Structure formats: C-alpha cells, structure tokens
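Chemist:
In this note's numbering, the protein residues as written are 66 to 416.
1) The alpha helix (DSSP H) that contains residue 236, what's its start and end?
2) Between which residues of its own chain and residue 409 is the CB-CB distance below 7 Å, once the five residues before and five after are set aside?
3) Buried or exposed, going by whether 16 or more other CB atoms sit within 10 Å of the CB of residue 237?
4) Step through the CB atoms of chain C and report whether any lies within less than 9 Å of the CB of residue 414.
5) Can you tell me whether residue 268 is helix, strand or coil according to DSSP?
6) Does residue 335 come out as helix, strand or coil in the three-state DSSP assignment?
7) Whole angstroms is fine: what's the gap from residue 394's alpha carbon to residue 275's?
8) Can you tell me the Cα-Cα spacing of residue 228 and residue 199, whole angstroms?
9) In whole angstroms, what is the alpha-carbon distance linking residue 362 and residue 300?
10) Check whether the region 253–268 touches the region 216–230, counting contact only when three or more Cβ pairs, one atom from each stretch, lie closer than 8 Å.
11) Express the C-alpha separation of residue 313 and residue 175 in angstroms, rounding to a whole number.
12) Should residue 221 be labelled buried (16 or more other beta-carbon atoms within 10 Å of its own) or exposed?
13) Applying the 10 Å Cβ sphere with the 16-neighbour rule, what's the burial state of residue 170?
14) Got a sec? Which residues, its chain only, sit under 7 Å from residue 114 by beta carbon, not counting five neighbours each side?
15) May I have a chain-ordered list of the beta strand (DSSP E) segments no shorter than 3 residues that lie completely inside the region 151–239?
16) Leaving out the 5 sequence neighbours to the left and right, which residues in its chain are closer than 8 Å to residue 234 when beta-carbon positions are compared?
17) Which two residues bound the contiguous alpha helix (DSSP H) that contains residue 278?
18) Pull up the distance between the alpha-carbon of residue 404 and that of residue 357, whole angstroms please.
19) Would you mind sorting residue 149 into buried or exposed? The rule is 16 or more other CB atoms within 10 Å of its CB.
20) Mark residue 344 as exposed unless 16 or more other C-beta atoms lie within 10 angstroms of its C-beta, in which case mark it buried.
21) With DSSP as the reference, label residue 386 as helix, strand or coil.
22) Rounded to a whole number of angstroms, what is the C-alpha to C-alpha distance between residue 185 and residue 218?
23) Can you tell me which of the three DSSP states residue 410 falls into?
24) Based on Cα-Cα distance, which residue from 322, 270, 271, 253 lies nearest to residue 288?
25) Just to confirm, are residue 335 and residue 365 a CB contact at a threshold of 9 Å?
26) Select from 147, 168, 416, 134 the residue whose C-alpha is nearest the C-alpha of residue 203.
27) Rounded to whole angstroms, how far is the Cβ of residue 172 from the Cβ of residue 197, which I believe are closer than 8 Å?
28) Could you name each continuous beta strand (DSSP E) segment of 3 residues or more that falls completely within the region 356–404, going from the start of the chain to the end?
29) To which residues of the same chain is residue 406 closer than 6 Å at the C-beta, ignoring the five residues directly before and after it?
30) May I ask which residues mark the beginning and end of the beta strand (DSSP E) holding residue 139?
31) Pull up the distance between the alpha-carbon of residue 134 and that of residue 208, whole angstroms please.
32) Who are the near neighbours of residue 325 in its chain, counting only those whose CB is closer than 8 Å to its CB and skipping five residues on each side?
What follows is the structure, encoded as structure tokens:
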C-alpha cells in the first residue's frame, strides 16, 4: 500500500493524569482511549510493536477500500448519440506519479461496436475522475451490451479492467413492446396499465432523450409488475386512470390530497389550462396552485383536457360524466364542490 492512499492514526502523548506524582510524571506516555481527545486524534495505550503495526495496516486498508475505483455510464446506448463513461479512483497497481492510459469500448459479446483511447500524464488524475465519450453505431442489436475500460500502466501493460452492462435502445423498445403485448394477451381492461401502454406508444415516437428512455423503461417495468399482481392506485408520476363512459377511452386524472384535510373544506374540481402541447405523456402540474389549495385543507381532482383544448366540447362533457364516480373512488362523495379553472379551463369552471 502506498503512503498517500492511507494515513496511520496520529498518536499523541501527554502527561499522566489522576495519578500520584512520580519522578517520571513529566515524561510523555500513551494514555487511555477514554481520555478526551481533539477531533480526528486517536489516543492509544502503549502496545507491542506488532500490534501497532497491525493497527496501522488496518487503517491503511480501510482508507484504500473507501477509495475503490468506480465505473459509471449512461444506462442506455443510443444509436449515433454520445455515451458517457466516467471512471473515478486510482487502481492500486498504478504508480500515482507515472503516466497511464485508458482504453474503452462498447462490446456485444466479443465484437467491438465502438472504442477509444485516452492518455494520462499522471495516473493520479484518476483519483478526481475522468469522463470519456463513445458514439455507438447507428445499427445496434436489441441486446444487453457491455462497456469495458482497461487501465494501462506506464509500460502499457494492463493494470486493471472494469466492465458495466448497458442496455441498447432497440432492446429497451423490444422489452416495452413485449410488456404491452403480454398486457393485450391478458385481456384486462383496467385503465391504469393501458394508460401506461398509450404513453409508451407516444414516447417511442419522440427523440430518444435519456429522460424519455428512462420513462419508457419505468412504464414497461410498471406494466410487468401489474401483470405480476402489483396494483397501485396511481403511477409514479401521480397519474390515476379511468375509462370514459362515452367511448371507453382511457383518461388520466390526478388526485391531490392535503396532508391535513379539513372536514368542512370543499373538494376542488380543477380544470387546467389546455395549452398547446399538452398530452397524456406530457401533462405538467401547476404545483404552486395545487400546493395552495391542499395547504388550505382542500382535496383536488384535476381533470385532463381529453380531445378538447378549449374545454368547450367533449373534454367538458367527459369531466361532467366522470365527476360523481371520481368523487366516490376518492372517498370524497357528499362533499361540497368548488370549480377552479386556469387559462382555457376557466370557461369550464364557470359553465
């Protein structure tokens, strides 16, 4: 182990306390661990040299373990888009002061899909972390891939190798399609998993940003969990779902419940602004408004402007037909109602 990677405890001495004076009282000695010590200082009793060396070795090993090398990457490899790779930590096999090199690649089995190399003037640059990028080819197999980083010493000998699995974008789409296919084959008409299926279908047509792909993966996992018997009332984004009595279409809604509900507070029917771009996969929450209403002890049912951004046609009709059932599902039946509208939803609140 190298000295800079771990420091031995700082051993201090001081005059003896709580003992009768003796000729050697002024001489420094080891004191009990129960004596008060400044932060970061370890006080030790006198001990054999072997025991002290064992303690120093243990402290050094703990320090080295705390600085373990870590390889992190994007969870997804997307065709033609940068794949971020980060390596942090100094392998024990390297001389911190000597040059080093990195070879990194994206692999499918033994086939190299793309690769790169990077030289370091000093190996200890790895302690602070190094960020690398690869650009996967436009054609990727629908499989799990591997990212591999080989660290070489000053003589170009391999000192350490690190690997991490990465999902290829086509594999993500294939897994999502399989989850939706299983849902369809099961014949369920439950609204929430079909809302997830609709959102997946929309997201797969969008640019494959990391956030979009992460949401596809989460929804695919949610469908599989539903089929396995896990039945949440809402999804991770706070969306509930119900089938509309007009056409049996799946319609989302949100239920915002106060932390401290007021027994005499009305239930708020919220008609949000149906601005351009609102869709089931992209339906933002007006958090300040919702927080203000729930802080006053009022539960809020937020309607989705389905097929009608002006809230003057089918969207308003859907909301009217669903109001009683949503109040009952939410445990709010019998409460006084208060309609609140934002933007284009203001007309619906006044109707």
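Using N, Cα and C, we set each Cβ at its ideal position, and we do this for glycine too.
Predicted, not measured: the structure shown is a model, and the values here were computed from it.
Modeler: On the basis of the supplied data:
1) 234–251
2) 338, 339, 374, 375, 376
3) buried
4) In the displayed structure, chain C is absent; only one protein chain is listed.
5) helix
6) strand
7) 35 Å
8) 15 Å
9) 23 Å
10) no
11) 50 Å
12) exposed
13) buried
14) Unreliable positioning characterises residue 114 in this predicted model, as indicated by a pLDDT of 43, which lies under 50. The coordinate reading is nonetheless provided below. Excluding positions up to five away in sequence, the list is empty.
15) 165–173, 176–185, 195–199, 209–217, 223–233
16) 141, 142, 143, 144, 205, 273, 278
17) 275–292
18) 15 Å
19) exposed
20) exposed
21) helix
22) 10 Å
23) helix
24) 253
25) yes
26) 147
27) At roughly 15 Å, the Cβ-Cβ gap does not stay under 8 Å, so residue 172 and residue 197 are not in contact.
28) 365–368
29) 336, 413, 414
30) It is not in any beta strand (DSSP E) - residue 139 carries neither H nor E in the DSSP assignment.
31) 27 Å
32) 362
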